[in-house]
Amino acid sequence: MRCGCVRESDLTRNSWSVEWCLVMILCTSITNYPATHAAQIDIAIVFIDTEADFTAGNVQTLAQTTKNLFLDPTFLGSTIVTHLFSFTNQLEVVNKAEEIFSNIVYDVIIDYTTDRISSLMYMYAELYQKPLIFANSFYSRSCDTFVLSMHGSYATLADGLVEYLRQFQWGNLAFVTTGSLQWRHMASGVQAQLLKQGYTIKHSIEINDFNNSTTVLEQLQTITSTAKGVILAMDPEDAFKVLQSAQQWTGLTQHSIFLLVRNPYDNMSVISAIIKQDLNISDALGATFLIFPTVPNVMFTNGSGATLVPHVQTKSFAAIQDAYITIFQGFSSLYNRSVLNINGLTLSSEMKLVNSDLSGRSVQYAVGSCARYLEFALYDFRISDSDFSVARHIWQGCDSAWCLKVFSNVEWPKGVVLPGDECFKQSNCATTESGMNFMLAVAIPLTLVTLGGIVSLVLFLLWRRKTKRLMTKGPNRVLLEPDDLTFLHRKDIKTSMLTNGGFLDPPDLLKASEKSSRSLISLHEWTEFSEIARYKGDIVYIKELKYKGLEMKGKILAYTRTLRDIRHENVNPLYGFLNDPVRPALVSEHCNRGSLKDVLNNENIKLDWDFKSSLLTDLVRGLRFIQSTPIHYHGSVKSRNCVVDSRWVLKLTDFGMLGFRERAKLNITVEAADLLWTAPEHIRDPYPGSKGSVKGDMYGMAMIMQEVILRKRPFGMVDLTVEEIIEKIRKPPPLLRPSVSPQAAQPQYIVLMKQCWAENPDMRPSIEDVYQQFKSIAGGKKMNIVDSMFRMLEKYSNDLEDIVKERTVQLEEEKKKTDVLLNRMLPQVVAESLKSGQKFKAEEFKEVTIYFSDVVGFTTISAMSTPLQVVDLLNDLYTAFDACIDNYDVYKVETIGDAYMVVSGLPVRNGNKHAGEIGTMALDLLSICGTFKIRHMPEVPLRLRIGLHTGSCVAGVVGLTMPRYCLFGDTVNTASRMESTGSAFRIHISVQTKNVLSDLGGYQTDFRGEVELKGKGLAKTYWLVGKDGFSKPLPEPPPLNDLASILNVQKLQKDQTPNKAAGTNTSKQPAQTTSKAEPNNISVNELQCACCDLPKSSPKHDSQAYDSNDNPKAKNGPAKVHRIQVNCDICVTGNNQNNSTTNSKDGITPVAKV
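Sequential numbering of the sequence shown, starting at 121, is according to my numbering.
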């Protein structure tokens, strides 16, 4: 059997939701859990390296040590193998998790992650039917078949808290939590359990900046005296900062603070040291209790006191060891019962029955629960000892109730006991007898007088109750519960937008953003849900109000119903109020095009004037209807409160929010940027933005007109900050208004806009006047944005076909250019294969003919030329060659320097024509060289030496970067030898090539004789001298026994002095043949091929540098002079006399045996 363990780092609030991938998971194949009974247990531990010090060695050692605690011989025969996986971020775990769950090697998964990743693990455990143990997070759901937890559950923690609250008789609570993801999860889970058990959450405060003590104190001051129990759900470090601020809390004596400890493996002494590090806050410490979850057998008594047994291991290893015990005990029990069909279900069921204390910590699970059984200790700060000590300890076992052990009395701050609630959970409320007698005494004489009033009151209450019932139930309900909404995953949102989006979306025309930037904080931002949900099949938008504990009373309910009843084509409908005590919100229709501000800021959306006027007409119509309703005015007309639906219809939203906040008595904080749409008279109010009016709506509409016309925010053309603009509006003169050019829109719209932003509200036109002017400007036509869209689409489609044709032609031309370039680099067959994505395999060709050639004396010519001149020479030569070979069925393989290599017969076979194609091409190239002129050396002929050979070879593509089509085989080497042993202006061919040419007929050859080929020995070779019908002139090759120079040197001077040396070895570095002149200044007179003569002194020589025989002078006598001999069978260089048969690239040809 095998088990796996997964651990992952905390997820940040802004990280993408891991549940997004669950849709894909459901579509994957499910790997069934193997039903096996093996003697091996494989444990895979996957963790984030910043969370624990796990190594392959220590987890294996811990597993083996834990195994040895068991006495079961059957289980002890099993082999424990651990597999360790380390990750650095959430995405790696998400991508790896499915692979771990689907791997049949692992049978149990131990999850050492945080709460955020746990929901994904739930799904995998159910999907693959594998046991899952949470070793580092709370259990947040109802019991699942395959899941267990080492930390207990939110319900378990809430039960312990409830028991202590019951003892103190406190039913009204306040929660103070941090923005940390794990604590927010925990606070939400505990609150839900407390609400189910009848407790009231009066306040829910979230603190993000603990360093600002003033802000923390202000938030604590909002907690009323009725909420006596203040629950802190945060890290000890943050709790200490809260207690520092609470020391100055005037209502501290009216509250008791409970700090919840999250991890039962934490060290209590460490937590206590953090909390009590500043004893100057003794009042706050005295009002603080620590609720610490413990496991059985850890708490023990010592006289009248109590303490906790310290953990030997760190908390991570302690949790992993308890998980091991759970797994091993499950296997051991199944082995002892001889259960053969051990699968995920049987193993999970057996592990939930585990009750073991082998590790010194009792490992057992609550009956009927997947969570670990925990007990709870209450720590009280004793001022006399300046330390926290155990005051009470509770455990379950007293007839399904909590058992209590009191170790010491609670020391209340300043000795003032905080009493319980007068009406704790409505159980001890009673009217005193005197109060009842007084009420009866008053009621009896007034019965007849008040009877009519009572009847009226009853009828009123019945009517009100019926009305409230209609608001909370039925099809027209106003109050919505979280269960009424289905919050969408991110992927579902995208799908919904595609499904409910616009019916046409042409390119560069109507590309609207699919996400509104006005989105507020998600109602469930720490889960997989967004601000988008489904309600009765419709997509709705959830606008969080950011006010905790908002109660919907009569006036607010009635006003909300009024807002809900406002229905119009250009008004975004409100569905109701989401009654969530933690995060109340308003539910309205979702418009997937976003706000008008989004549309205007999106440069991809092309808005002509028809579009703009249609949007403004919708705005006027919607505002006209709102001002005719009981709310009388919108109150916050701005582009962000104008939304656009999938049909490009503009709708006004967030109407009546000022009245809602006023009735709910909510504080209003308006940012300076939002005041740009606010009328001047409302900016000058003591609380700007808190009031609205009909004329104020007209001013906001004028600002929106400016935005639509210019596609800029209000006052976007003014070079001032927002604060400076608001200040100038508040205190004129001068009067500050946006500057709009008369040419930006029709003059009627410009005039109307300026009238609407008049400084005097009485000078602004009414909405009815504006509506009539819009109708007049439109000429009575109904401005419809859809008609405008069709007109634009029709115009667009008229030109689209021509544009497509033109672009297609351009594409084909570019494709041809690309193909031509590619075919120049590779054979067409190879290029087509590579373009189709196929790998070109090397291929063997039985018979091809290979051509090699080089320039005789190229080294000498290079020495006499600059690098740029050499490049020009080769470019001119190869350009002429490339143009010539296009007329033949050949393929140019490559060029290296002056070497030129061509082949025929591949990659497309051509029978035995390859020799004829190469032979005729060689004659053609030889003819070109006969008339070729070197631009910078026109007097020097360019003599080509050619070698041909026929045989088999292998061809294939080599390399990925700049791939080359290369030839391999002995035929290549032999062809190269034929060239190197050839002669200038001659075509040297092998007997194999001669035989093929003879079979073809028409080719003229001369037998040369046997030639020594390197690595081949003596071989018969031939000269190809012509072809029947080939009329191009061929250069006259020099005689093989003639020592005349291959260069066109001037006539040797008559006074040349015979060389005293018989000859020396040929130098392969012509650039070193002179000691005086630069390579580019070598005189042609200094080059000669007479074996016995030296050149005449050049007139450029310095007489002081040369002797009478034109030899350079040296300090110790005449220097050795190296003379270049080219294209000679025997080359004489310098003063040494040595016959050489060494092949030279400058034309030194070995002696042929004829």
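Here a beta-carbon is modelled for each residue, glycine too, at the ideal position from N, C-alpha and C. Treat the numbers as computed from the prediction; the structure is a model and nothing was measured.
Report buried or exposed for residue i, applying the criterion of at least 16 other Cβ atoms within 10 angstroms of its Cβ.
i, result
"Val1078", "exposed"
"Lys1053", "exposed"
"Tyr807", "exposed"
"Phe1127", "exposed"
"Phe910", "exposed"
"Pro1215", "A caution first: Pro1215 carries a pLDDT of 36, below 50, which makes its placement in the model unreliable, though a value can still be read off. Buried, since its Cβ has 16 or more Cβ neighbours within 10 Å."
"Gly809", "buried"
"Ala1095", "buried"
"Arg927", "exposed"
"Leu618", "Note that Leu618 scores a pLDDT of 39, beneath 50, so its modelled location is shaky; the value from the coordinates is reported in the next line. When all chains shown are included, Leu618 counts as exposed."
"Thr841", "exposed"
"Asn761", "buried"
"Thr1040", "buried"
"Asn256", "buried"
"Leu720", "buried"
"Val1013", "buried"
"Leu196", "exposed"
"Asn400", "exposed"
Return helix, strand or coil for residue i, following the three-state DSSP convention.
i, result
"Tyr667", "coil"
"Phe409", "strand"
"Ser389", "helix"
"Met270", "coil"
"Asn475", "strand"
"Arg104", "It is not possible to answer for residue 104, since the shown part of the chain is limited to 121 through 1274."
"Glu1130", "strand"
"Gln863", "helix"
"Gln397", "coil"
"Tyr444", "helix"
"Trp515", "strand"
"Arg502", "strand"
"Trp303", "helix"
"Lys316", "helix"
"Met1057", "strand"
"Gln311", "helix"
"Tyr869", "helix"
"Phe527", "coil"
"Trp522", "strand"
So if DSSP puts residue i in a beta bridge, which residue, or which two residues, is it bridged to?
i, result
"Arg1106", "Arg1065"
"Ser1072", "The partner list for Ser1072 (beta bridge, DSSP) is empty, contrary to what the question assumes."
"Cys1086", "Gly1076"
"Trp532", "Note: Trp532 sits in no beta bridge, so no partner."
"Met1098", "The partner list for Met1098 (beta bridge, DSSP) is empty, contrary to what the question assumes."
"Gly1146", "Gln1124"
"Ala491", "Ser269"
"Val1275", "Nothing can be reported for residue 1275: it is not among the residues displayed for the chain, which extend from 121 to 1274."
On the DSSP letters alone, give me the boundaries of the beta strand (DSSP E) that residue i sits inside.
i, result
"Ile93", "The requested residue 93 is not part of the displayed model; the chain covers only 121 to 1274."
"His203", "Thr199 to Phe207"
"Leu252", "Leu252 to Phe254"
"Ala353", "Gly349 to Ala353"
"Asn292", "Asn292 to Thr298"
"Arg884", "Looking at the DSSP string, Arg884 is not in any beta strand (DSSP E), and its letter there is neither H nor E."
"Val537", "Taken as a continuous stretch (DSSP letters only), Val537 belongs to no beta strand (DSSP E), as it is neither H nor E."
Let's see if you can read the secondary structure: which residues bound the alpha helix (DSSP H) around residue i?
i, result
"Met1021", "Where Met1021 is concerned, there is no enclosing alpha helix (DSSP H), although the beta strand (DSSP E) it sits in stretches over Ala1019 to Ser1024."
"Cys1049", "Lys1033 to Thr1051"
"Ser365", "Pro356 to Ala366"
"Ser1118", "Val1111 to Leu1120"
"Ala678", "Gly674 to Arg684"
Output the residue ranges of the alpha helix (DSSP H) runs that lie fully inside the region 702-777 and measure 4 residues or longer, sorted by chain position. Counting only runs of 4 or more residues that sit fully inside the region 702-777, the alpha helix (DSSP H) segments are 716-721 and 729-746, in chain order.
Segments assigned alpha helix (DSSP H), at least 4 residues, entirely inside the region 908-988: Listed in chain order, the complete alpha helix (DSSP H) runs (minimum 4 residues) inside the region 908-988 are 948-955 and 978-983.
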